[in-house]
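Colleague: Take a look at the following structure, please.
Protein chains in written order, with UniProt numbering: chain R, 1 to 341; chain B, 1 to 220.
Following this line, the structure appears as structure tokens:
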């Protein structure tokens with residue numbers, strides 16, 4: 001690990017000021033990914049600005065019925081929060097499907113959004129990687145890429161985004177609040193637009209600007225009568241990243257699909273909001289045939305690599321299963337069955 | 001190097017020379033097992049390395065050093081965490097408990113430690129300190145009603161009750177601790193023996209689970 005200076009910020013203003021005087025610093029949340037990357041030599045900040053003492057660890061219900069989650073809230077606490085468990089079960093399920101108990105106790109909401117890909121070539125500084133060092137090439141494309149992207153990848157990068165939580169946030173139409181930038185201003189970005197596809201600039205995972213701080217995530221009021229579900233497929237029963245995952249929110253009304261959100265994890269450089277499938281399903285009669293057509297239409301865009309075409313089939317089966325489970329439970333008006341891991 | 005050679009822990013010789021810029025060091029008050037230690041540390045030192053190399057608390061083990069094996073698990077403000085991924089400088093003022101702090105002051109073992117002995121929950125023992133600290137965390141999290149990935153939907157939605165630690169729950173919750181000796185069955189038995197939570201809905205309870213591998217259970 002390279003030597004670094006340490007600044008403990010106790011307010012957003014202090015943190016932003018520290019960044020302004022030490023450009024190229026990194027903000028520290030739980031550190032479960034950043035500290036690891038510093039050990040690997042992937043991240044070599046001159047200064048680390050510790051945000052854990054900035055009071056950002058509240059979960060507040062807003063008068064509108066929305067839920068504001070501070071960026072410093074630990075994954076464990078978010079997953080266990082009574083309002084998240086009852087109104088946004090897909091978020092609780094996604095968080096609990098990720099990492100281990102030890103890591104969830106430390107990892108934060110903001111840090112989870114900003115975690116980097118676990119592509120082994122990104123983490124190995126002896127290998128070329130356009131995400132780590134733009135212009136050096138991609139070692140994964142012609143090597144071991146079974147876990148890599150099948151949707152939205154570019155000639156420069158085939159990495160996937162590792163977060164489970166972000167997949168659920170996209171399905172819930174969450175908004176991400178940011179502080180900082182040039183003049184300490186605030187802005188918000190839809191969760192679905194926060195992460196980017198690699199394109200020509202795979203080194204940029206998100207639309208965040210240098211020095212900006214994720215301050216909170218806002219969940220809009222839960223759609224009344226909606227059901228939600230997160231399901232993840234991985235190589236072992238627990239504590240592994242997704243080969244493919246699906247977050248879905250569904251509301252039926254008058255025998256039709258009134259609202260549907262469908263998002264894939266593990267398939268792309270960002271949580272993949274299935275806009276084509278959502279468009280086909282909205283207003284449709286919720287039948288197996290409609291679900292199959294919608295999911296197929298979405299995955300027609302897949303461009304698998306030599307070794308990961310199985311992910312497309314996996315995602316197809318997963319999405320069909322999750323949607324039909326939600327449709328059945330909404331029709332029965334009972335609680336959604338929780339699939340086994 | 002004569003002075004360094006007399007140090008109890010020879011790895012202290014590897015400490016950076018005093019030429020390291022003061023910018024890269026910090027003074028940290030680490031409160032470990034009820035005692036406060038004020039240390040001057042390179043900012044790069046992890047909590048795990050501070051415990052082992054500076055405080056001679058070598059119970060916490062360095063396995064993978066990347067948060068993947070759980071051998072370094074300690075309790076931070078009562079919650080289990082991988083000490084290899086925590087920079088010591090960030091833990092100023094935290095209440096740390098290591099395996100050395102789990103027993104009573106007179107040296108007697110905690111009920112969980114005794115249960116590990118009673119159930120043969122250890123083989124080589126390298127991972128055992130982390131398993132013990134992790135299991136303490138598991139028992140507290142379940143008592144506080146925290147759901148897990150395998151908690152059924154009705155229980156997961158109910159934040160008012162403790163979670164019953166079935167074999168499936170224990171296995172899922174301890175999945176951040178890897179042991180190549182394969183002592184998992186004994187560990188699951190030991191943790192089950194220490195689980196205080198009673199199922200509040202006995203009628204809905206499935207038959208008492210066998211704490212042995214079920215070859216018919218799908219692994220995905």
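From the three backbone atoms N, C-alpha and C, an ideal C-beta is built for every residue, glycine too.
1) With a CB to CB cut of under 6 Å and the five nearest residues on each side skipped, what residues in its chain are close to residue 6(R)?
2) Count Cβ pairs between the region 59 to 73 of chain R and the region 139 to 155 of chain B that sit closer than 8 Å; are there 3 or more?
3) Can you tell me the Cα-Cα spacing of residue 121(R) and residue 265(R), whole angstroms?
4) I'd like to know if residue 86(B) contacts chain R, where contact means its C-beta is closer than 8 Å to some C-beta of that chain.
5) Looking at residue 40(B): is its Cβ nearer than 8 Å to the Cβ of residue 27(B)?
6) So who's on the other strand from residue 266(R), going by DSSP bridges?
7) Report the residue from 137(R), 130(R), 162(R), 135(R) whose alpha carbon sits nearest the alpha carbon of residue 148(R).
8) How would you call residue 236(R), buried or exposed, if buried means at least 16 neighbouring beta carbons within 10 angstroms?
9) Rounded to a whole number of angstroms, what is the C-alpha to C-alpha distance between residue 28(R) and residue 34(R)?
10) Assuming residue 150(R) and residue 42(R) are in contact, meaning their beta carbons sit under 8 Å apart, how far apart are those beta carbons, in whole angstroms?
11) Are the C-beta atoms of residue 320(R) and some chain B residue less than 8 Å apart?
12) On the DSSP bridge assignment, give the partners of residue 61(R) in chain order.
13) Establish whether the CB of residue 81(B) and some CB of chain R are separated by less than 8 Å.
14) Which residues of the region 1 to 14 of chain R have a Cβ closer than 9 Å to any Cβ of chain B? Give them in chain order.
15) With a threshold of 8 Å on Cβ separation, who are the neighbours of residue 87(B) within its own chain once the five nearest residues in sequence on each side are excluded?
16) By DSSP's criteria, residue 253(R) is part of a beta bridge. Which residues make up the other side?
17) Restricting to Cα atoms, I'd like to know which of 55(B), 83(B), 58(B) is closest to residue 68(B).
18) So residue 192(B) is in the alpha helix (DSSP H); what residue range does that whole segment cover?
19) Quick check on this structure: which residue in 73(B), 91(B), 53(B) has the alpha carbon closest to the alpha carbon of residue 53(R)?
20) Using a Cβ-Cβ distance cut-off of 8 Å, determine whether residue 226(R) contacts chain B.
21) State the start and end residues of the unbroken beta strand (DSSP E) segment that holds residue 14(R).
22) Label residue 74(R) either buried or exposed according to how many other C-beta atoms from any shown protein chain fall within 10 Å of its C-beta, with 16 as the threshold for buried.
23) Roughly how many angstroms separate the alpha carbons of residue 315(R) and residue 324(R), rounded to a whole number?
24) Mind listing the chain B neighbours of residue 311(R)? Cutoff is C-beta to C-beta under 7 Å, in chain order.
25) Rounded to the nearest angstrom, what separates residue 347(R) and residue 216(R) at their Cα positions?
Modeller: With the given structure in hand:
1) Correct list, in chain order: 48.
2) Taking one beta carbon from each stretch, the region 59 to 73 of chain R and the region 139 to 155 of chain B have fewer than 3 pairs nearer than 8 Å; the two do not touch.
3) In a straight line, the C-alpha of residue 121(R) is about 20 Å away from that of residue 265(R).
4) For residue 86(B), the answer is yes, since a Cβ of chain R falls inside 8 Å of its Cβ.
5) Cβ distance < 8 Å, so residue 40(B) and residue 27(B) count as in contact.
6) The partner list for residue 266(R) (beta bridge, DSSP) is empty, contrary to what the question assumes.
7) The candidate whose alpha carbon is nearest that of residue 148(R) is 162(R).
8) By the 10 Å Cβ count, residue 236(R) comes out exposed.
9) So the alpha carbons of these two residues sit roughly 7 Å apart.
10) That belief does not hold up - the Cβ atoms of residue 150(R) and residue 42(R) are roughly 24 Å apart, past 8 Å.
11) Judged by the 8 Å Cβ criterion, residue 320(R) is not in contact with chain B.
12) Beta bridge pairing from DSSP links residue 61(R) with 67(R).
13) Contact with chain R is found for residue 81(B), since one of that chain's Cβ atoms lies less than 8 Å from the residue's Cβ.
14) Taking 9 Å as the Cβ-Cβ cut-off against chain B, the residues of the region 1 to 14 of chain R that qualify are 1, 2, 3, 4, 5, 6, 8.
15) Listed in chain order, the non-local C-beta contacts of residue 87(B) below 8 Å within the same chain comprise 43, 44, 45, 46, 47, local neighbours out to five positions each way being set aside.
16) Its beta-bridge partners are 256(R).
17) It is 83(B).
18) Counting along the chain, the alpha helix (DSSP H) containing residue 192(B) begins and ends at 184 to 194.
19) The residue with the shortest Cα to Cα distance from residue 53(R) is 91(B).
20) No, because no Cβ of chain B sits closer than 8 Å to the Cβ of residue 226(R).
21) Taken as a continuous stretch (DSSP letters only), residue 14(R) belongs to no beta strand (DSSP E), being part of the alpha helix (DSSP H) at 12 to 21.
22) Buried: at least 16 other Cβ atoms inside 10 Å.
23) Near 14 Å, if we compare the C-alpha coordinates of residue 324(R) and residue 315(R).
24) For the C-beta of residue 311(R), not a single chain B residue is nearer than 7 Å; the gap to the nearest is close to 14 Å.
25) Given a span of 1 to 341 for chain R in the structure shown, any question on residue 347(R) remains unanswerable.
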